[in-house]
Amino acid sequence: MRRELVTRLFREKFGGAPELWARAPGRVDLMGSHTDYNLGFVLTLPISRETWVAARARDDGQVRMFAANLDSEDCFDLTSIQRRACWGDYVRGVAWALAAEGLPLRGFDAVIHSTVPTGSGLSSSAALECSIAVVFRALGGWEMGGARMARLCLRAENEFIGLNCGILDQFSSCLGRAGCALLLDCRDLSTRAVHVAEAIRVVICDTKSPRELAGGEYGVRRAQCEEGAAILGVAALRDATAAELEARAAELPPEVLKRCRFIIGENERVLAMTEALAAGDRGRVGRLCSESFAGARDLYEICSPSMIAMMDAMTRAPGSIGARQAGAGFGGCMVAFVEAGEMDAFSAAVSERYRMSTGVQPEVYPVEPAAGAGLMDVA
Ligand code: ADP
Ligand code: MG
0 MRRELVTRLF REKFGGAPEL WARAPGRVDL MGSHTDYNLG FVLTLPISRE TWVAARARDD
60 GQVRMFAANL DSEDCFDLTS IQRRACWGDY VRGVAWALAA EGLPLRGFDA VIHSTVPTGS
120 GLSSSAALEC SIAVVFRALG GWEMGGARMA RLCLRAENEF IGLNCGILDQ FSSCLGRAGC
180 ALLLDCRDLS TRAVHVAEAI RVVICDTKSP RELAGGEYGV RRAQCEEGAA ILGVAALRDA
240 TAAELEARAA ELPPEVLKRC RFIIGENERV LAMTEALAAG DRGRVGRLCS ESFAGARDLY
300 EICSPSMIAM MDAMTRAPGS IGARQAGAGF GGCMVAFVEA GEMDAFSAAV SERYRMSTGV
360 QPEVYPVEPA AGAGLMDVA
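Residue numbers (my numbering): 0 to 378.
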C-alpha cells in the first residue's frame with residue numbers, strides 16, 4: 000500500500016520510477032528522560048514507525064524533494080546550501096554536514112513519506128535526517144558506519160537547524176537492530192542490544208497535545224543541569240551519585256537540586272529497567288516507570304496536564320505493566336508496557352478514559368523494535 004502510494008507520487012512529481020529506497024526509524028525512550036545531554040544512559044527503542052525516501056540520482060547537483068505528509072515541494076543546489084526556514088532544511092543540513100566532511104554528493108529527486116508523527120517526541124526529525132543520509136551515502140558510493148552517520152546528522156540538527164538536542168535521536172535511528180532495544184551510553188556512544196521479554200509489548204499513547212513550551216524549557220533544563228554539575232565539581236551529572244548529591248544538597252539552588260535529583264535517579268533507573276525488561280519482571284518495570292513519571296512531574300517539571308491525564312488512563316487500563324513519559328515531555332507521546340494478550344482492551348480503555356477527562360481523542364498503537372537506518376530491498 001505505502002510502497003504503491005510512494006511510487007505513484009514519485010511518477011506524478013518526477014516521472015518514471017525511483018531507483019533506490021532508504022528508510023530510518025523513529026524512536027521511543029523506554030527509560031532515560033533528558034539523560035542524554037547529561038552524558039548518561041538511555042534505554043531506547045528504534046520503532047516500526049519509519050521515514051521512507053524513494054530517490055533517483057540527478058546529474059545536475061540539484062536536490063528536488065516532495066514531502067508527501069506535508070504535500071510540500073522544495074529544492075536546492077548542492078553548490079550553494081542556504082537555510083530557508085522550512086522542513087527542507089533538515090535535508091539541506093544533512094547535505095551541509097556531509098559536504099563539510101569532504102564527501103562527494105550527488106543530487107537526486109525524492110519522495111519522502113513518514114509514519115513517524117512530527118513534533119510528538121518520536122523523533123521524526125532524526126528519522127528524516129538519517130534516511131536522507133542513507134540516500135547520499137548510496138548515491139555517493141562511499142561507506143559510512145552508523146555511529147559516524149548519527150554524529151553527522153546530529154551536527155546538521157545542532158549547527159544547521161540550530162536545535163541544541165542530544166545524540167539520542169540520531170543514534171537510535173542509525174544504530175537499531177531488528178528485534179531489540181538499545182542501551183546507549185551517551186558518553187562513549189557505545190550501545191548494547193537489549194532483549195525485551197516476549198510477552199511485554201510497547202505501546203505509544205499520543206496525548207495529541209502540542210509541545211509548545213518544549214524548545215525554551217529544554218534549554219533551561221540543560222542549563223540547570225550544567226549548573227548542578229559545575230557546583231558538584233563533575234564533568235556531567237552522569238558522574239555524580241545520589242549520595243554525593245544529598246551530601247552537598249545545601250550548596251545547590253533549590254530548583255537546580257530538584258533537576259539533579261531527577262537526572263541522577265533517572266540514570267540509575269535506566270540500568271535497572273534494562274534488567275527488568277529482559278527478565279520480564281513486571282513489578283519492577285511498573286515501579287521504575289512510576290518513579291520516572293513522578294520525578295518528571297515533581298522534580299524535572301516537564302509534565303503537562305494532558306500527560307497527567309494520560310498517565311492516569313494508562314495505569315488504570317487492563318494489561319498495564321508500567322507507563323511513563325517519552326521524549327522531552329511537555330505533551331506529545333507517552334509510552335506504556337502492556338501484556339501482549341491485553342492489547343485491544345488496553346487501547347480501548349486508555350482512549351475512552353483520556354477522551355472523557357480531556358475531551359481529546361488520543362492515538363494509541365503498539366510499536367515493534369526496528370532495524371537502524373539503511374537501504375530497503377524493494378524487489
Ligand atoms: P520530532 O523530531 O520530535 O518529531 P522536531 O520538531 O524535532 O520533532 O522535528 C519535526 C520537524 O521535522 C517537522 O516540523 C518538519 O520540519 C521535519 N520533518 C519531520 N518529518 C518530516 C517529513 N516526513 N516530511 C517533511 N518534514 C519532516
Ligand atoms: Mg526532533
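Just so you know, even glycine gets a beta-carbon here, dropped at the ideal spot from N, CA and C.
Item to complete: Pull up the distance between the alpha-carbon of Glu158 and that of Pro103, whole angstroms please.
Response: 20 Å
Worksheet item: According to DSSP, is Ser346 helix, strand or coil?
Response: helix
Practice prompt. Flag Gly326 as yes when its Cβ comes closer than 7 Å to any non-hydrogen atom of the ligand ADP, and as no otherwise.
Written response: Answer for Gly326: yes, Cβ within range of the ligand ADP.
Fill in: Alpha-carbon spacing of Asp390 relative to Val269, whole angstroms
For residue 390 there is no data in the structure shown, the boundaries of the chain being 0 and 378.
Item to complete: Measure the beta-carbon distance from Ala132 to Leu151 and round it to whole angstroms, keeping in mind my assumption that it falls under 8 Å.
Response: Correct: roughly 7 Å between the Cβ atoms.
Practice prompt. Quick one: measure Cβ to Cβ for Ile160 and Tyr89, integer angstroms, because I've assumed they're closer than 8 Å.
Written response: That belief holds up - the Cβ atoms of Ile160 and Tyr89 are roughly 7 Å apart, short of 8 Å.
Worksheet entry | Helix, strand or coil at Leu188 according to DSSP, with G and I counted as helix | Leu188 falls in the coil class under three-state DSSP.
Worksheet item: What span of residues does the alpha helix (DSSP H) with Val90 cover, start to end?
Response: Boundaries of the alpha helix (DSSP H) around Val90: Asp88 to Ala99.
Worksheet item: If you draw a straight line from the C-alpha of Ala67 to the C-alpha of Ser130, how long is it?
Response: 15 Å
Discussion item. Tell me the rounded alpha-carbon separation between Ser208 and Glu362.
Written reply: Just so you know, the alpha carbons of Ser208 and Glu362 end up roughly 11 Å apart.
Worksheet item: Quick one: Cα of Asp184 to Cα of Thr190, how far?
Response: 6 Å
Fill in: For Trp141: DSSP bridge partner residues
Answer by DSSP bridge pairing: none, since Trp141 is not bridged.
Item to complete: Could you tell me the distance, in whole angstroms, from the CA atom of Gly174 to the CA atom of Leu181?
Response: Checking the sequence shown, residue 174 turns out to be Leu, not Gly. Using only the alpha carbons, I get a separation of about 8 Å.
Fill in: In chain order, each alpha helix (DSSP H) run of at least 4 residues that lies wholly inside the stretch 200–276
You should have 213–231 and 241–246.
Worksheet item: Can the beta-carbon of Lys271 be found less than 8 Å from the beta-carbon of Asp28?
Response: Note that residue 271 corresponds to Ala in the displayed sequence, not to Lys. Taking 8 Å as the cut-off, the beta carbon of Ala271 is found no closer than this to the beta carbon of Asp28.
Item to complete: Might you give, ordered along the chain, the residues of its own chain that have their beta carbon closer than 6 Å to the beta carbon of Arg91, omitting 5 neighbours on each side?
Response: Phe75 and Ile80
Discussion item. Here's a check: name, in chain order, each residue in its chain whose Cβ is nearer than 6 Å to the Cβ of Pro17, leaving out the five neighbours to either side.
Written reply: Taken in chain order, the residues that qualify are Phe9, Ala53, Ala54 and Arg55.
Worksheet item: In this structure, does DSSP put Ala308 in helix, strand or coil?
Response: helix
Discussion item. Can you tell me whether Cys152 sits near the ligand COA, meaning its C-beta is under 7 Å from at least one heavy atom of the ligand?
Written reply: Because the ligand COA does not appear in the structure shown, any question about it cannot be addressed here, the ligands present being the ligand ADP and the ligand MG.
Item to complete: Work out the CA separation of Leu42 and Arg283 for me, nearest whole Å.
Response: 15 Å
Item to complete: Tell me where the beta strand (DSSP E) around Val41 begins and ends.
Response: Phe40 to Arg57
Discussion item. Determine whether the beta carbon atoms of Asn335 and Val233 lie at a separation below 8 Å.
Written reply: In the sequence as displayed, the identity of residue 335 is Ala instead of Asn. Cβ distance not < 8 Å, so Ala335 and Val233 don't count as in contact.
Worksheet item: If we ignore side chains and look at the alpha-carbon of each, how far apart do Leu276 and Val93 end up?
Response: Between Leu276 and Val93, the C-alpha separation is close to 35 Å.
Worksheet entry | Pair within 8 Å by beta-carbon distance, Pro317 and Ala344 | Contact annotation: Pro317 and Ala344 have beta-carbon atoms nearer than 8 Å.
Fill in: Proximity below 8 Å, CB of Ala295 to CB of Ser122
no
Discussion item. My output table needs one value for Ile111: the three-state DSSP class, helix, strand or coil.
Written reply: If DSSP states are grouped into helix, strand and coil, Ile111 belongs with the strands.
Fill in: Span separating the alpha-carbon of Arg258 from that of Met143
When the Cα atoms are used, Arg258 and Met143 turn out to be separated by approximately 37 Å.
Practice prompt. Express the C-alpha separation of Arg200 and Arg303 in angstroms, rounding to a whole number.
Written response: For the record, residue 303 in the displayed sequence is Ser; it is not Arg. Answer to the nearest angstrom: the Cα atoms are 25 Å apart.
Worksheet item: In three-state DSSP terms, what is Glu300?
Response: coil
Item to complete: With a threshold of 7 Å, establish whether the CB of Asp168 neighbours any heavy atom of the ligand MG.
Response: yes
Worksheet item: Taking all protein chains shown into account, do 16 or more other C-beta atoms lie within 10 angstroms of the C-beta of Met0, making it buried, or fewer, making it exposed?
Response: exposed
Discussion item. Only counting the same chain, and skipping five residues up and downstream in sequence, which positions put a Cβ closer than 8 Å to that of Glu100?
Written reply: For Glu100, same chain residues with a beta-carbon under 8 Å away, outside a window of 5 residues either side, are Leu151 in chain order.
Worksheet item: Beta-carbon separation of Leu231 and Gly39 under 8 Å?
Response: No, these two residues do not count as a Cβ contact at 8 Å.
Item to complete: Give a yes or no on whether the C-beta atoms belonging to Arg210 and Gly120 are separated by under 8 Å.
Response: yes
Worksheet entry | Extent of the continuous alpha helix (DSSP H) run through Glu3 | Arg1 to Phe13
Discussion item. Can you tell me where the alpha helix (DSSP H) holding Cys173 begins and where it ends?
Written reply: Leu167 to Leu174
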